[in-house]
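There are 2 protein chains.
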Amino acid sequence: MQRTSFAEMHCSIGQALERVGEWWTPLIVRDLHLGLHRFDDIAENLGISRNLLTRRLEALVADGIVERRAYQQRPLRHEYHLTEAGRELVPVLMALMAWGDKWTTPVGGPPVRLVHDGCGAEFTPQVCCSECGEPVTTADVTSLAGPGAASGPGTRVLARRNGGASEES
Amino acid sequence: MQRTSFAEMHCSIGQALERVGEWWTPLIVRDLHLGLHRFDDIAENLGISRNLLTRRLEALVADGIVERRAYQQRPLRHEYHLTEAGRELVPVLMALMAWGDKWTTPVGGPPVRLVHDGCGAEFTPQVCCSECGEPVTTADVTSLAGPGAASGPGTRVLARRNGGASEES
Chain A
1 MQRTSFAEMH CSIGQALERV GEWWTPLIVR DLHLGLHRFD DIAENLGISR NLLTRRLEAL
61 VADGIVERRA YQQRPLRHEY HLTEAGRELV PVLMALMAWG DKWTTPVGGP PVRLVHDGCG
121 AEFTPQVCCS ECGEPVTTAD VTSLAGPGAA SGPGTRVLAR RNGGASEES
Chain B
1001 MQRTSFAEMH CSIGQALERV GEWWTPLIVR DLHLGLHRFD DIAENLGISR NLLTRRLEAL
1061 VADGIVERRA YQQRPLRHEY HLTEAGRELV PVLMALMAWG DKWTTPVGGP PVRLVHDGCG
1121 AEFTPQVCCS ECGEPVTTAD VTSLAGPGAA SGPGTRVLAR RNGGASEES
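Heads up: the protein sequence lines correspond to chains A and B, in order. Following this note's numbering, the numbering of the first sequence begins with 1 at its first residue and continues without gaps. Following this note's numbering, the numbering of the second sequence begins with 1001 at its first residue and continues without gaps.
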């Protein structure tokens, strides 16, 4: 599977996609979150080939999103669990699910309902401002070049903004 | 580029990935959000091949995430803009960016800073509960089978939960 790597891109979306953007990977993270921890269970649930699942899990372990835990010694058997980084990815997937529920609604309606144990309500995940708590939209967010901005591929537009060095000067 | 389709999967994450899970697609949506609307500008900013960008834009238009707008008649030239569905995808990408900022921090720090015009603060996107406004985590969300749940690939685990029909009965 030859394709461009985003690893050199100075963009945190690109960096995130480098780790979790592979086809199948978000669904594996979802299954681990939903309580499937054994290879055979995930393979069966997703209908994914065992070779591909092995490769995806190895990459997720290497990237620190998933960890292997021995649950049996003879013979040695492992389960797969989300790390803290993996667990923090799940709310992002919930937000993606809400987008899918709205814009690509499967036949019959949303396949999953989410209940927030904190308040007891069935809820829709919303992306909010950490400072005021209000939902954010494209209309009310301004993106500025941050400390790690550079004018490499994928970030020229932001490097030019905000007084950054222009490549076209 | 032969791969399994998620189109038949009763999962809104799968459905969303079917539309925006292709390699490069989230970065194209990001560039459109950041104000790049012309083919040449996006191609240059991302360093993506023109053939691939053409295919990705065509798919995004077909899926209702991007629309073409003529900006010149002779010769006919088009710009690309996000539709409402596309604009609503951007906060999800912001949440993914925040995850990347934290867990895959590029050299030099986060490449982008976000300012919420509503409150004026620089902020971190957080996925929150639509009902109480609090951030949600894997620890305090329960997933239940929804009206569109089915026991096809990718959703067996949820169909089994919540009193759904078991495939193993």
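Ideal Cβ placement from N, Cα and C applies to all residues, glycine included. This structure is a prediction, so every number in the text was calculated from the model and none was measured.
Which partner residues does B:E1067 have in the DSSP bridge list? Bridge partners of B:E1067: B:H1081.
In whole angstroms, what separates the C-alpha of B:G1100 from that of A:V29? If you take the alpha carbons of B:G1100 and A:V29, they lie about 16 Å apart.
How many angstroms separate the CA atom of B:S1169 from the CA atom of A:R19? Residue placement at B:S1169 is flagged as unreliable, the pLDDT there being 30, under the threshold of 50; a coordinate-derived value is accordingly withheld.
Against chain A, which members of the stretch 1134-1148 of chain B pass a CB distance test of less than 9 Å? For chain A, the residues of the stretch 1134-1148 of chain B that bring a beta carbon within less than 9 Å of one of its beta carbons are E1134, P1135, V1136, T1137, T1138, A1139, D1140, V1141, T1142, S1143, L1144, A1145, G1146, P1147 and G1148, in chain order.
Backbone CA spacing between A:L17 and A:Q72 [nearest angstrom]: Spanning the two alpha carbons is a distance of roughly 33 Å.
Three-state class that DSSP yields for A:T105 in the structure shown: Residue state, collapsed to three classes: coil.
Where do the ends of the beta strand (DSSP E) carrying A:V112 lie? For A:V112, the enclosing beta strand (DSSP E) begins and ends at V112 to H116.
Cβ closer than 7 Å: which chain B residues qualify as neighbours of A:A62? Within 7 Å Cβ-Cβ: nothing; A:A62 doesn't reach chain B, min ~13 Å.
In chain order, which alpha helix (DSSP H) runs of at least 4 residues are fully inside the stretch 26-70 of chain A? Along the stretch 26-70 of chain A, the alpha helix (DSSP H) occurs as fully enclosed runs of 4 or more residues at 39-46 and 50-62, listed in sequence order.
Cut-off 8 Å between Cβ atoms - residues of its own chain near A:L46, not counting five sequence neighbours on either side: Setting aside the 5 residues that flank it on each side, A:L46 is surrounded in the same chain by W24, L27, I28, D31 and L53, each with a C-beta closer than 8 Å to its C-beta; the list follows chain order.
Roughly how far, in whole angstroms, is the beta-carbon of B:V1127 from the beta-carbon of B:A1095, given that I think they are within contact range, below 8 Å? Rounded, the Cβ-Cβ distance is 6 Å, consistent with contact.
How many angstroms separate the CA atom of B:V1107 from the CA atom of B:R1055? Each residue's Cα considered, the two are about 32 Å apart.
Classify B:Q1072 as helix, strand or coil using the three-state DSSP reduction. Note: B:Q1072 maps to strand in three-state DSSP.
Meets three-Cβ-pair contact criterion under 8 Å: the stretch 116-134 of chain A and the stretch 1130-1143 of chain B: The stretch 116-134 of chain A makes contact with the stretch 1130-1143 of chain B, as at least three CB pairs between them are under 8 Å.
Residues of the stretch 1078-1094 of chain B whose Cβ lies closer than 8 Å to any Cβ of chain A, in chain order: The stretch 1078-1094 of chain B vs chain A, Cβ under 8 Å: L1082, A1085, R1087, E1088, L1089, V1090, P1091, V1092, L1093 and M1094.
If you run the structure through DSSP and keep just helix, strand and coil, what is B:T1138? The answer is helix: DSSP assigns B:T1138 an H, G or I state.
Residues sharing a beta bridge with A:S143, DSSP: Note: A:S143 sits in a beta bridge opposite B:L1114.
Determine the chain B residues that contact A:F123 at a beta-carbon separation under 7 Å, and present them in chain order. Under the 7 Å cutoff, chain B gives C1129, S1130 and E1131.
Spatial neighbours of B:R1050 within its chain, please: CB distance less than 7 Å, with the 5 preceding and 5 following residues excluded, ordered by chain position. Excluding sequence neighbours, B:R1050 sits near A1043.
Is it true that the CB of A:H78 sits closer than 7 Å to the CB of A:R87? No, they are not a contact pair.
Can you list, in chain order, the residues of its chain with a C-beta nearer than 6 Å to that of A:A60? Leave out the 5 residues immediately preceding and following it. Looking at the sequence provided, one finds Leu at residue 60 of chain A rather than Ala. These residues qualify, in order along the chain: V66.
Note down, in chain order, each residue of its chain lying with its Cβ closer than 7 Å to the Cβ of B:I1048, except the 5 sequence neighbours on either side. Scanning its chain for C-beta atoms nearer than 7 Å, with the 5 sequence neighbours on each side dropped, one finds around B:I1048 the residues W1024, in chain order.
So for B:E1088, helix, strand or coil by DSSP? Three-state result, B:E1088: helix.
Who are the Cβ neighbours of A:V90 in its own chain at under 6 Å, not counting the five residues just before and after it? Excluding five sequence positions before and after A:V90, the CB atoms of its chain that fall closer than 6 Å to its own CB belong to H33, given in chain order.
Residue-level contact to chain A via CB, B:A1059, 7 Å cutoff: At a cut-off of 7 Å between C-beta atoms, B:A1059 does not count as an interface residue with respect to chain A.
So, helix, strand or coil for A:E18, using DSSP? Correct three-state label for A:E18: helix.
Starting from A:C132, trace the beta strand (DSSP E) in both directions and tell me its first and last residue. Where A:C132 is concerned, there is no enclosing beta strand (DSSP E), given that its DSSP letter is neither H nor E.
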